[in-house]
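Participant:
The following block contains the structure:
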């Protein structure tokens, strides 16, 4: 909305002009465009509201009202929020101007185009500030990325190797190794500098787990807590069921905890299988099931006729149970079992567990609890 008829427009313009006087020096070369833009956008600020005619209003306003035009009034009680909005926006525009003036920085050309186009802006003043901030942050990230990439070959960790089951885990020692790992796995480690920054700052380690030449998993481990913050297979997929136990064995051997956000893996999987991984078909759907003394995992395949994307199972459910506590007690103590079961699908759980249990003399503790939750 473009506000045209503001009854006390001079009061609004004074607030804008007074605030512009304290603008960043870097904006001097763009001041006409900045002034035109801020004045126009300030007229659309929430401090400008639809108004009724007052006796003290000027004759032009009375004539406009009689002609059926909408009138607006700047609410001078809201000067402070308007000033804060303009100051915040000017601050970011000033940083964009500094960026535009430094031809050695990334996105300097884009910053110049942004500032020269201010006189044509028609969006909200808050949006303008957010876009300016985004441009500055993009440039900062580009600088950080270039700095990190420049020292990509510098060793930042000692080599480390741990064997567990069929898997061998090796720790990345340089940023270049992380980049190459990302390219091999086709994930964002190859180009997202936030991972490189955490590695360079000593916040995270990155481990690659392989079986021979086959890539099984990539782990990001928080150095301070020794906790696995992220665990993925190639191409960002959930770690496969065939590798889930090996990953758990590796984490146990390395003295690592596994965070709750790591889908499809948990330390309980380091125990010997109670039910070896097996594939079952239930009403045309392929499901994979594996069970340990205190945990299970089900991978639910696509529905009949549904095309897969090649990124692993359509859905994965993995839960653990404490044999010394009932399901009711676990739920009361905060273990979110019901929501996980509901999200995965009660019927799918019942069918796969019933199919697996047909080959056993008696259902296991895990199966009993699963069927109770999925009832």
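Residue numbers (this note's numbering): 24 to 398.
Ideal Cβ positions, reconstructed from N, Cα and C, are used throughout, including at glycine.
(1) From the DSSP output, in three-state form, read off residue 114 for me.
(2) With a cut-off of 8 Å on the beta carbons, I'd call residue 266 and residue 239 a contact; round off their distance for me.
(3) When the Cβ atoms of the stretch 62–77 are set against those of the stretch 148–162, are three or more pairs found closer than 8 Å?
(4) Helix, strand or coil for residue 233 per DSSP?
(5) Measuring straight from C-alpha to C-alpha, what distance separates residue 203 and residue 210?
(6) Between residue 216 and residue 164, how many whole angstroms is the CB-CB distance? I'm expecting something under 8 Å.
(7) Which same chain residues, not among the five before or five after residue 197, have their C-beta less than 7 Å away from its C-beta?
(8) Following the continuous beta strand (DSSP E) through residue 14, name the residue where it begins and the one where it ends.
(9) Applying the 10 Å Cβ sphere with the 16-neighbour rule, what's the burial state of residue 333?
(10) With respect to the beta strand (DSSP E) encompassing residue 51, which residues constitute its N-terminal and C-terminal limits?
(11) Around the C-beta of residue 79, are 16 or more other C-beta atoms found within 10 angstroms, so that it is buried, or is it exposed?
(12) By how many angstroms is the C-alpha of residue 144 removed from the C-alpha of residue 393?
(13) Could you check what DSSP says for residue 192 in three-state terms: helix, strand or coil?
(14) Run through the DSSP bridge pairs and tell me what residue 245 is partnered with.
(15) Based on Cα-Cα distance, which residue from 376, 387 and 383 lies nearest to residue 397?
(16) Whose CA, out of 30, 271, 363 and 167, lies closest to the CA of residue 86?
(17) With a threshold of 16 other CB atoms inside 10 Å of the CB of residue 296, please say whether the residue is buried or exposed.
(18) So, helix, strand or coil for residue 71, using DSSP?
(19) Measuring only the C-alpha atoms, how far is residue 129 from residue 160?
(20) What does DSSP give as the partner residue(s) for residue 109 in the beta ladder?
(21) Just verifying my parser: in three-state terms, what is the DSSP assignment at residue 199?
(22) Could you check the C-alpha separation between residue 121 and residue 42 for me, to the nearest Å?
(23) Please report how far the alpha carbon of residue 157 lies from the alpha carbon of residue 118, in whole angstroms.
(24) Buried or exposed, going by whether 16 or more other CB atoms sit within 10 Å of the CB of residue 389?
(25) Output needed for residue 379: all residues of its chain with C-beta closer than 6 Å, excluding positions within five of it in sequence on either side, in chain order.
(26) Is it right to say residue 274 is buried, meaning 16 or more other beta carbons lie within 10 angstroms of its own, or is it exposed?
(27) If we ignore side chains and look at the alpha-carbon of each, how far apart do residue 71 and residue 256 end up?
(28) Quickly, what does DSSP pair residue 83 with across the bridge? List them, please.
(29) Apply the 10 Å Cβ neighbour rule to residue 335 and answer buried if 16 or more other Cβ atoms are within range, or exposed otherwise.
Facilitator: With the given structure in hand:
(1) helix
(2) 4 Å
(3) yes
(4) strand
(5) 10 Å
(6) 6 Å
(7) 175, 176, 177, 178 and 179
(8) With the chain covering 24 to 398 only, the question about residue 14 has no answer from this structure.
(9) Low confidence applies here, because residue 333 scores a pLDDT of 44, under 50, leaving its location unreliable; read the following figure in that light. When all chains shown are included, residue 333 counts as exposed.
(10) No beta strand (DSSP E) holds residue 51; DSSP gives it neither H nor E.
(11) exposed
(12) 59 Å
(13) strand
(14) 227 and 250
(15) 376
(16) 30
(17) exposed
(18) strand
(19) 11 Å
(20) In DSSP, residue 109 forms no bridge with anything.
(21) helix
(22) 20 Å
(23) 11 Å
(24) buried
(25) 312
(26) buried
(27) 54 Å
(28) Per DSSP, none; premise fails for residue 83.
(29) With a pLDDT of only 44 at residue 335, under 50, the local geometry of the prediction cannot be trusted, and the value read off the model is given with reservation. Buried.
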